[in-house]
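K.L.:
Residue numbers (my numbering): 6 to 117. Pasting a structure here, questions to come.
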């Protein structure tokens, strides 16, 4: 019925392997959502590790895209006065952080 050359068979096998690998990864990320916290966020050809906002210093927060020195210092000061953050949304209470800013940098932060 179908007659494939050796090279065509190899390409077909590799294609099927890639499709199944992608499906397996997608299933793993759905079944184990914590895996997304382990994976670094890739943006603009740079890799940014996720930062725990309850443990990070101002210097570590400045590395996060869209967080400058002023905001990083405000986050650390807010945490010092009010205790650890209980949710990422709570960071919106920090002076100088607006919803738009939060949407930009929240994907780089987590709470452990």
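Glycine included, every Cβ here is placed at the ideal spot set by N, Cα and C. Given the structure is predicted, the values throughout are model-derived calculations rather than measurements.
Less than 7 Å between C-beta atoms, sequence neighbours within five positions excluded: which residues of the same chain meet that for residue 106?
P.N.:
Cβ neighbours of residue 106 beyond the five flanking positions: 71.
K.L.:
Since residue 57 sits in a beta bridge, which residues does DSSP pair it with?
P.N.:
DSSP output for residue 57 lists 115 as bridge partner(s).
K.L.:
Assuming residue 56 and residue 108 form a contact by the criterion Cβ under 8 Å, report the distance between their Cβ atoms to the nearest whole angstrom.
P.N.:
Not really, about 16 Å apart at Cβ, beyond 8 Å.
K.L.:
Measuring straight from C-alpha to C-alpha, what distance separates residue 101 and residue 77?
P.N.:
Rounded to whole angstroms, residue 101 to residue 77 spans 10 Å at the Cα level.
K.L.:
Kindly indicate the opening and closing residues of the alpha helix (DSSP H) around residue 37.
P.N.:
Taken as a continuous stretch (DSSP letters only), residue 37 belongs to no alpha helix (DSSP H), as it is neither H nor E.
K.L.:
Is DSSP giving residue 21 helix, strand or coil here?
P.N.:
Of the three classes helix, strand and coil, the one that applies to residue 21 here is helix, per DSSP.
K.L.:
Check whether the segment 86–98 touches the segment 58–67, taking contact to mean three or more Cβ pairs, one atom from each stretch, closer than 8 Å.
P.N.:
Result yes; three or more Cβ-Cβ pairs closer than 8 Å.
K.L.:
Which residues does DSSP list as the beta-bridge partners of residue 72?
P.N.:
DSSP, once it has assigned bridges, lists no residue as partnering residue 72.
K.L.:
May I ask you to report which of helix, strand or coil DSSP gives residue 52?
P.N.:
In this structure, residue 52 counts as strand in the three-state DSSP scheme.
K.L.:
So, is residue 19 buried or exposed, given that buried needs 16 or more other C-beta atoms within 10 angstroms?
P.N.:
Classification for residue 19: exposed.
K.L.:
So, helix, strand or coil for residue 26, using DSSP?
P.N.:
Note: residue 26 maps to helix in three-state DSSP.
K.L.:
Within the continuous alpha helix (DSSP H) that includes residue 105, where are the two ends?
P.N.:
Taken as a continuous stretch (DSSP letters only), the alpha helix (DSSP H) holding residue 105 covers 104–110.
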